[in-house]
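Asker:
There are 2 protein chains.
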Amino acid sequence: MTINASNSSTKKDKPAKYTIIKQYICEHIESGEWPQNAKVPSENELTQQFDVSRMTARRALQELTEQGILVRSQGAGTFVATFKSQSSLLEIRNISDEISDRGHQHKAKQLVLRSIAVTDEIAILLNLKNNEDVFYSEILHYENDDAIQLEQRFVNISLVPDYLLQNFTIITPHEYLSSVAPLTEATHEIEAILASDEICQQLDIQPTTPCLQVKRRTWSKQGVVSVAILTSPGDKYRLGSHLKF
Amino acid sequence: MTINASNSSTKKDKPAKYTIIKQYICEHIESGEWPQNAKVPSENELTQQFDVSRMTARRALQELTEQGILVRSQGAGTFVATFKSQSSLLEIRNISDEISDRGHQHKAKQLVLRSIAVTDEIAILLNLKNNEDVFYSEILHYENDDAIQLEQRFVNISLVPDYLLQNFTIITPHEYLSSVAPLTEATHEIEAILASDEICQQLDIQPTTPCLQVKRRTWSKQGVVSVAILTSPGDKYRLGSHLKF
DNA sequence: AGGCAAGAGTTGTATATACAAGTTGCGATC
DNA sequence: GATCGCAACTTGTATATACAACTCTTGCCT
């Protein structure tokens, strides 16, 4: 499920040189060795290290840049992209981004942060097998004192990379999810629902208010790392996804 | 609003050669001269035509391919992409694609097809100014005899490219929207609503059923060409958007 | 000490070339 | 007439090179 640096099919073709370099870079990012904003080897360094021409090294860097994994700056160098600079999670992030961009007062209140026993639905979404430890948190977002969105996060601790797990006790899942390595994938599912009584109470809405519910599953190579469920009442928020090409 | 072949800012820098070639290709696609699946000039032809090296011509084709505008096939050539091969409109298309892909019975019923006077909301969405002619159609989608989605399309006839308008009397707006040139952009807005009485009747649902409503605006260089409103009852359908990177 | 200039390092654009690999159509052969 | 194989064409990979444009540091000069 993680980015595959190679474009080739399952044939045992000798992989192209530039895909080997892409793989090399991806591995170092995935392991946490090269965190966000870290400088990756320059074209000339890769040229020497892999004994290829500059154009071949360049192609590896170029393609990873187009995939949003790297960021290049003429004269400065090539760097690991920040979560923020990736457009693929745009749709969901827009919810909170638009709020803050509009100059509206945006507050978030952390409600829960604990290890829990999950429901069947979450177990399926997280693809749990052996009672792995799941961390749960709730974040309630406000705009001008109105509760506009409830964010429920379920994190499969066993799949959080080691280098992040070491200080997991002091960072919240929310922080983890915004500091996740750029190689993470996500799938989204959007649904219109009537919120449960409990959620209605937290968002202070009538039980008949239609709500937009987005389920985002974040994947690493090992499987589903986390599930985030965002619930927003329809009369208070719209999810705008601007897909341009 | 249309694809801009150049990456440069507003500075009056001399544009790079490969952007000139990209522009050239985009213009021919936009004008309708090169329709979908049409063969575009090969790398060698562009090399001669623009007096550049093959690598420069290649770069233009390559980048347009990455933008989903062209499709390349080793040995065969480079072709204008089909609407289908563009992933940017994925989210909405999934609604109907998933239905047919699952092997379920999927029927669509054309309800209306006429020129209308639009409401204020649609006029704003279409950015109408001088009482332009708007074409309207309703399509009701069925799955196993259940109405699962209402599709309302508003097309600003004055912005439909000439080469399509000539036979517009015999193609429906639905057909137009699936044969639109690959350079079209779209923006989406997703909302959870309670459907109007009229829509409830057509979809055969209770007035309290939450519905997913997607408004898709299709842009050309001249402005908003069409607005499509898809309404799906929440208990009958989910919109899954799988955004991978 | 502050500012400017030079230079090293990095990415961006462009060329010329070579061979590999896949597609297509034409022609020779059976 | 049908089929096979080759030739022409096209895209894919890779190299070597050159210069332009931009960033950042270092060191010199005022």
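Residue numbers (numbering that gives the first Met the number 0), protein chains in the order written: chain C, 0 to 244; chain Z, 0 to 244.
C-beta atoms are modelled at their ideal positions from N, C-alpha and C, and glycine is treated no differently.
In this text, all values refer to a predicted model and were calculated from it rather than measured experimentally.
Just by C-beta distance, which residues in the stretch 60-75 of chain Z are closer than 7 angstroms to chain C?
Answerer: Cβ contacts with chain C: Glu65, Gln66 and Gly67.
Asker: Since Ile192(C) meets chain Z, which of its residues come closer than 7 angstroms, beta carbon to beta carbon?
Answerer: Result: Pro209 and Gly233.
Asker: Please report how far the alpha carbon of Arg58(Z) lies from the alpha carbon of Gln22(Z), in whole angstroms.
Answerer: Their backbone Cα atoms lie some 13 angstroms apart in a straight line.
Asker: On a Cα-Cα basis, can you pick out the residue from Lys108(Z), Ile19(Z) and Phe153(Z) that is closest to Leu45(Z)?
Answerer: Minimum Cα distance to Leu45(Z) is reached at Ile19(Z).
Asker: Here's a check: name, in chain order, each residue in its chain whose Cβ is nearer than 7 angstroms to the Cβ of Leu158(Z), leaving out the five neighbours to either side.
Answerer: Ser219, Gln221, Gly222 and Val224, listed in sequence order.
Asker: Is Ile20(Z) close to chain C? Criterion is C-beta to C-beta, closer than 8 angstroms.
Answerer: No, its Cβ sits nowhere closer than 8 angstroms to a Cβ of chain C.
Asker: Between the beta-carbon of Gln200(C) and the beta-carbon of Leu149(C), is there less than 8 angstroms?
Answerer: Result no, Cβ atoms of Gln200(C) and Leu149(C) do not sit closer than 8 angstroms.
Asker: Give the single residue among Leu63(C), Thr217(C) and Lys16(C) whose Cα lies nearest to the Cα of Val39(C).
Answerer: Comparing Cα-Cα distances from Val39(C) to each of Leu63(C), Thr217(C) and Lys16(C), the minimum goes to Leu63(C).
Asker: Beta-carbon within less than 6 angstroms of Asp251(C)'s beta-carbon, same chain only, minus the 5 sequence neighbours each way: which residues are those?
Answerer: In the structure displayed, chain C extends from 0 to 244; residue 251(C) sits before or after that span and is not available.
Asker: Output yes or no for whether 8 angstroms exceeds the beta carbon distance between Val213(Z) and Leu124(Z).
Answerer: Cβ distance not < 8 angstroms, so Val213(Z) and Leu124(Z) don't count as in contact.
Asker: Taking the beta strand (DSSP E) that Ile192(Z) belongs to, which residues open and close that run?
Answerer: Run containing Ile192(Z): Glu184 to Leu193, per the beta strand (DSSP E) assignment.
Asker: Please tell me whether Thr208(Z) and Gly233(Z) are closer than 8 angstroms, where the distance is taken between their beta carbons.
Answerer: Their beta carbons are under 8 angstroms apart, which means Thr208(Z) touches Gly233(Z) by this criterion.
Asker: Cα separation between Thr186(Z) and Arg215(Z)?
Answerer: Distance between the alpha carbons of Thr186(Z) and Arg215(Z) is about 6 angstroms.
Asker: Output needed for Ile115(C): all residues of its chain with C-beta closer than 7 angstroms, excluding positions within five of it in sequence on either side, in chain order.
Answerer: The answer, listed in chain order, is Val133 and Tyr135.
Asker: Which whole runs of the beta strand (DSSP E) in the stretch 113-137 of chain C are 3 residues long or more, in chain order?
Answerer: Listed in chain order, nothing qualifies, since the stretch 113-137 of chain C has no complete beta strand (DSSP E) run of 3 or more residues.
Asker: Determine whether the Cβ of Ile189(C) lies closer than 8 angstroms to any Cβ atom of chain Z.
Answerer: By this cut-off, Ile189(C) is an interface position.
Asker: Can you grab the Cα-Cα spacing for the pair Gln47(Z) / Ala75(Z), in whole Å?
Answerer: Their backbone Cα atoms lie some 19 angstroms apart in a straight line.
Asker: Roughly how far, in whole angstroms, is the beta-carbon of Ala56(Z) from the beta-carbon of Ile68(Z), given that I think they are within contact range, below 8 angstroms?
Answerer: With a Cβ gap of about 16 angstroms, Ala56(Z) and Ile68(Z) do not count as contacting.
Asker: Taking C-alpha atoms, which residue in Ile189(C), Glu190(C) and Pro206(C) lies nearest to Asp196(C)?
Answerer: Asp196(C) has its Cα closest to that of Pro206(C), out of Ile189(C), Glu190(C) and Pro206(C).
Asker: Could you tell me the boundaries of the alpha helix (DSSP H) in which Glu44(Z) lies?
Answerer: Unbroken alpha helix (DSSP H) run through Glu44(Z): Glu42 to Phe49.
Asker: Which residue from Ile121(C), Ile138(C) and Glu137(C) puts its Cα closest to that of Glu131(C)?
Answerer: Considering only alpha carbons, the answer is Ile121(C).
Asker: Using the Cβ count rule (16 or more neighbours within 10 Å means buried), how would you classify Gln73(C)?
Answerer: That one is exposed.
Asker: Going straight from the alpha carbon of Glu42(Z) to that of Val51(Z), what length do you get?
Answerer: Straight-line Cα distance between these residues: approximately 10 angstroms.
Asker: Hey, how far is the Cα of Ala37(Z) from the Cα of Phe78(Z)?
Answerer: Distance between the alpha carbons of Ala37(Z) and Phe78(Z) is about 5 angstroms.
Asker: Given this structure, state the Cα-to-Cα distance separating Ile24(Z) from Ser231(C), to the nearest angstrom.
Answerer: For Ile24(Z) and Ser231(C), the distance between alpha carbons rounds to 43 angstroms.
Asker: Kindly indicate the opening and closing residues of the beta strand (DSSP E) around Leu229(Z).
Answerer: Its beta strand (DSSP E) spans residues Gly222 to Pro232.
Asker: For Asp196(C), report the span of its alpha helix (DSSP H) as first-last.
Answerer: That run of the alpha helix (DSSP H) goes Asp196 to Leu202.
Asker: I need the straight-line Cα distance from Thr211(C) to Trp33(C), nearest angstrom please.
Answerer: A quick correction: the sequence has Leu, not Thr, at residue 211(C). Cα-Cα distance, rounded: 37 angstroms.
Asker: Take the Cβ of Glu184(Z) as the centre, count every other Cβ of all protein chains shown within 10 Å, and call the residue buried at 16 or more, exposed below.
Answerer: The residue is buried, with at least 16 neighbouring Cβ atoms inside 10 Å.
Asker: Exposed or buried, which one is Arg152(C) when buried takes at least 16 other CB atoms within 10 Å?
Answerer: Buried, because 16 or more other Cβ atoms sit within 10 Å of the Cβ of Arg152(C).
Asker: Which partner residues of Arg58(C) appear in the DSSP bridge assignment?
Answerer: The partner list for Arg58(C) (beta bridge, DSSP) is empty, contrary to what the question assumes.
Asker: If you count every other CB in all the chains shown that lies within 10 Å of the CB of Glu142(Z), and 16 or more means buried, which is it?
Answerer: Answer is buried; the Cβ neighbour count reaches 16.
Asker: Assuming Ala191(C) and Ala15(Z) are in contact, meaning their beta carbons sit under 8 angstroms apart, how far apart are those beta carbons, in whole angstroms?
Answerer: Not a contact, Cβ separation roughly 46 angstroms.
Asker: Figure out for me which residue from Leu229(C), Leu139(C) and Thr118(C) has the closest Cα to the Cα of Glu188(C).
Answerer: Nearest of Leu229(C), Leu139(C) and Thr118(C) to Glu188(C), Cα basis: Leu229(C).
Asker: Work out the CA separation of Ala194(Z) and Glu29(C) for me, nearest whole Å.
Answerer: Straight-line Cα distance between these residues: approximately 46 angstroms.
Asker: Could you tell me the boundaries of the beta strand (DSSP E) in which Glu32(Z) lies?
Answerer: Premise fails: Glu32(Z) is in no beta strand (DSSP E) and is neither H nor E.
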